[in-house]
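Residue numbers (full-length UniProt numbering): 305 to 600. One structure below.
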Ligand code: ADP
Ligand code: MG
């Protein structure tokens, strides 16, 4: 065809199921020499399931009461963990509070809401209370994380009342994608996640990733990207969540997993994976490389 190579590459990427936003972006994707991958929703399918319900002595709740309380607070959230909690409550036919009042969501951390007059917080154990707070709580968290689960803490009026275990499946093409990106860039991709270190290492080992940065807030993901770019790397960030948006914006290039991607991440990224396949990411980097050779 007579189409300029970068425009042909965009059309080609479209056939692979990736929407690349401009020719400039298409060209830059071929320059990347380092990749940072988000965990939940990016390396994993992002449809986690509740696997464990651990009420704590401090709350004296049944498993069903714990789940109903957490789901009532999580109901307005779009986070994959929140959807898992709400789905589990629905599966058990549990009644959710009509409306969670005063709902607030903190990316990379969790949610807070008023449920039946109580302040309920649901989210990352490390963010919601300090380590020494409650030995029973710490023990439950540790056991779940050692088993590769994401532990979700539930607090009522500041008291830990239970821990939920949540597990997510790796995408089927995750290991092949890590291998392809390693070949293309000459570096093994790094895992950046807001989740806990143990769950993150468990999963990284399964896909051949050795460098893991866990427990990160959105601004920590940005700091990691800036650190590598200060060393001269051109970093491609691949993410899905609102928590990834600042890193997607800061990086040399950013690709968002579109199917369950947050609106902010979709707006911020340079390219959107529309067909829900992670393996399209290295394919698009390769398309850019080929087009650049034809341009130069
Ligand atoms: P990732 O970087 O792996 O995509 P996030 O940054 O979205 O993960 O979330 C980091 C951690 O924050 C989660 O592992 C979880 O512990 C906690 N978290 C965030 N939002 C929620 C929520 N709505 N419900 C429960 N936990 C949450
Ligand atoms: Mg994510």
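Just so you know, even glycine gets a beta-carbon here, dropped at the ideal spot from N, CA and C. In this text, all values refer to a predicted model and were calculated from it rather than measured experimentally.
For residue 422, the three-state secondary structure derived from DSSP is strand. Residue 499 counts as buried, since at least 16 other C-beta atoms from the protein chains shown sit within 10 angstroms of its C-beta. Applying a distance threshold of 5 Å between residue Cβ atoms and the heavy atoms of the ligand MG selects 342, 344, 345, 544, 545, given in chain order.
Beta-bridge annotation (DSSP): residue 403 is not paired with any residue. In the three-state DSSP reduction, residue 465 falls in the strand class (E or B). Unbroken alpha helix (DSSP H) stretches of 4 residues or longer found wholly inside the region 489 to 520: 501 to 511, given in chain order. Judged by the Cβ position, residue 417 fails to qualify as a neighbour of the ligand ADP at the 6 Å threshold, every heavy atom of the ligand being at least this far. Looking at the DSSP output, residue 341 sits in a beta bridge with 495, 542. Looking at the DSSP output, residue 556 sits in no beta bridge, so it has no partner there.
Apart from the 5 residues on each side of it in sequence, residue 380 sits with its Cβ closer than 7 Å to the Cβ of 404, 407 in its chain, given in chain order. The three-state reading of DSSP puts residue 456 in strand, counting E and B together.
Per DSSP, the beta bridge partners of residue 427 are 414, 457.
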